[in-house]
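Residue numbers (this note's numbering): 10 to 359.
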């Protein structure tokens, strides 16, 4: 029997972070990625600056994106997929009608959704759509779109048992430099120096191609700079960092009310996790599976307490690991999406 062919329309970054091709192939399907990138993700620094000033005014960035969609559409049609999964992307209803009726189409938003063009909103009314964030779900429901809550689970790179290993770092953070995160990390780095904690931060905090970016960052965040390993990492490298840290810090900064995918990745690696206060914790139990902090002072106090109480720290790590194991895996999430059988019209009661 011929394997199903899945076309996945996704940015290179999300494909890498989510390990999508490998996870889909683990379900027994063939998978091909079709990369949909914005202008700012594919062009040089100066080209981006020029386009921000000139291109937006004349609609050049929008036309660039539309041309990309047309090219990807042709490539997908030539691939003849049985399923198409769009990650944070929507084609027009007319474009999607080019596919054969037996081709099943799904949408999954793995970042917050604040607003969508009318054309995309109308398109989503005809296909199964999923969101990782409760706030995004509520917004789309108000637009008349039926969507299903489906959090983004951990991929296979983080499959590690909740067992004791040699811990190199007292505390680690991996992520991008949102403004909200920087406001927490700089004073925390200073406190770590004062307490003698081994604190490491990893992520693309400044563009290394432009020498002045490093200088500016060092001036603005002197304590954080000394803790930082700047650059992007693979899922396997991140998992190894989590696994060898006593505590993993998880900071949100994209406007969502729920927990981000990193929440499950940390717990899958078997390490204790501290996160900022959220409006929704999915299946997790605050202060049992994960520790919650309210402000900078509370964060420093909790880190100090858990570093001094190893048994309690290990207990929380084990509880969090057991709570999300398998049920919040990426494989399980994708399986749930692809097994959605009802057409969107029926789900909406139309």
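For every residue, glycine included, the Cβ atom is placed at its ideal position computed from N, Cα and C.
Only a predicted model underlies this, so the values are computations on that prediction, with no experimental measurement involved.
For this session: Check whether the Cβ atoms of residue 274 and residue 143 sit closer than 8 Å, and answer yes or no.
Result: Taking the chain shown and counting its residues from 1, one reaches residue 274 at position 265. Taking the chain shown and counting its residues from 1, one reaches residue 143 at position 134. For the pair residue 274 and residue 143, the CB atoms are not nearer than the 8 Å cut-off.
For this session: Could you pull the start and end residues of the alpha helix (DSSP H) that residue 326 belongs to?
Result: Translated into positions along the chain shown, residue 326 becomes position 317. Its alpha helix (DSSP H) spans residues 319-333.
For this session: Would you mind reading off the limits of the alpha helix (DSSP H) that contains residue 344?
Result: Position 335 of the chain shown, counted from the first residue, corresponds to residue 344. Unbroken alpha helix (DSSP H) run through residue 344: 339-347.
Exercise. Buried or exposed: where does residue 240 fall if 16 or more other Cβ atoms within 10 Å of its Cβ makes it buried?
Worked result: The sequence position of residue 240 within the chain shown is 231, counting from 1. Residue 240 is exposed by the Cβ-count criterion.
Problem set entry | Straight-line Cα distance separating residue 23 from residue 16 | Against the chain shown, residue 16 aligns to sequence position 7. Against the chain shown, residue 23 aligns to sequence position 14. Their Cα atoms are separated by approximately 15 Å.
Exercise. Taking the alpha-carbon positions, what's the residue 126 to residue 217 distance?
Worked result: Locating residue 126 in the chain shown gives position 117, where the first residue counts as 1. Locating residue 217 in the chain shown gives position 208, where the first residue counts as 1. Spanning the two alpha carbons is a distance of roughly 35 Å.
For this session: Output the distance between the C-alpha atoms of residue 316 and residue 297, rounded to the nearest integer angstrom.
Result: For the purposes of this step, residue 316 is identified with residue 307 of the chain shown, where counting begins at 1. For the purposes of this step, residue 297 is identified with residue 288 of the chain shown, where counting begins at 1. Those two C-alpha atoms are separated by around 16 Å.
For this session: Would you kindly work out how many angstroms separate the C-alpha atoms of residue 323 and residue 165, rounded to a whole number?
Result: The residue given as residue 323 occupies position 314 in the chain shown. The residue given as residue 165 occupies position 156 in the chain shown. Their backbone Cα atoms lie some 22 Å apart in a straight line.
Problem set entry | residue 27 (DSSP reduced to helix, strand or coil) | Taking the first residue of the chain shown as 1, we reach residue 27 at position 18. Helix.
For this session: Taking residue 134 and residue 154 to be in contact with their CB atoms under 8 Å, please state how far apart those CB atoms are, rounded to whole angstroms.
Result: The residue you call residue 134 lines up with position 125 of the chain shown. The residue you call residue 154 lines up with position 145 of the chain shown. Contact flag correct, Cβ pair sits at about 6 Å.
Problem set entry | C-alpha distance - residue 327 paired with residue 281, whole-angstrom precision | Here residue 327 refers to the residue found at position 318 when the chain shown is read from its first residue. Here residue 281 refers to the residue found at position 272 when the chain shown is read from its first residue. C-alpha of residue 327 to C-alpha of residue 281: approximately 8 Å in a straight line.
Exercise. In chain order, which continuous runs of the beta strand (DSSP E) of length 3 or greater are located wholly inside the stretch 102-138?
Worked result: Those beta strand (DSSP E) runs which fall completely within the stretch 102-138 and span 3+ residues are 113-118.
Problem set entry | Residue(s) in a DSSP beta bridge with residue 39 | For the purposes of this step, residue 39 is taken as residue 30 along the chain shown, with counting starting at 1. Beta-bridge partners of residue 39 (DSSP): 14.
For this session: Would you decide whether residue 255 is buried or exposed? Buried here means 16 or more other CB atoms lie within 10 Å of its CB.
Result: Here residue 255 corresponds to residue number 246 of the chain shown, with the count starting at 1. When all chains shown are included, residue 255 counts as buried.
For this session: Leaving out five residues on either side along the sequence, give the residues of the same chain with a beta carbon under 8 Å from the beta carbon of residue 260.
Result: Here residue 260 is taken as the residue at index 251 of the chain shown, counted from 1. Here residue 260 has 182, 184, 187, 189, 190, 193, 194, 284 and 285 as same chain residues with Cβ atoms under 8 Å from its own Cβ, once five neighbours each way along the sequence are excluded.
For this session: For the alpha helix (DSSP H) holding residue 146, just list the boundary residues, first then last.
Result: Your numbering for residue 146 matches position 137 in the chain shown. If you look at residue 146, you'll find it in the alpha helix (DSSP H) that goes 143-151.
Problem set entry | Nearest-angstrom Cα separation, counted from residue 107 out to residue 353 | Along the chain shown, read from residue 1 onward, the residue named residue 353 stands at position 344. Along the chain shown, read from residue 1 onward, the residue named residue 107 stands at position 98. Caution applies to residue 353, whose pLDDT of 42 falls short of 50 and renders its modelled position unreliable; the value that the coordinates give is listed next. Residue 353 and residue 107: Cα-Cα distance of roughly 18 Å.
Problem set entry | Start-end ranges of the alpha helix (DSSP H) lying completely within the stretch 219-271, minimum 4 residues | Counting only runs of 4+ residues, the alpha helix (DSSP H) found wholly inside the stretch 219-271 occupies 220-229, 231-236 and 244-252, in chain order.
Problem set entry | Rounded straight-line distance, which links the Cα of residue 176 to that of residue 279 | Mapped onto the chain shown, residue 279 falls at position 270. Mapped onto the chain shown, residue 176 falls at position 167. If you take the alpha carbons of residue 279 and residue 176, they lie about 12 Å apart.
Exercise. What number of angstroms, rounded off, separates the C-alpha of residue 42 from the C-alpha of residue 252?
Worked result: The sequence position of residue 42 within the chain shown is 33, counting from 1. The sequence position of residue 252 within the chain shown is 243, counting from 1. When rounded, the distance between both Cα atoms is 29 Å.
Problem set entry | Three-state secondary structure (DSSP) of residue 291 | One-based indexing of the chain shown puts residue 291 at position 282. Residue 291 falls in the coil class under three-state DSSP.
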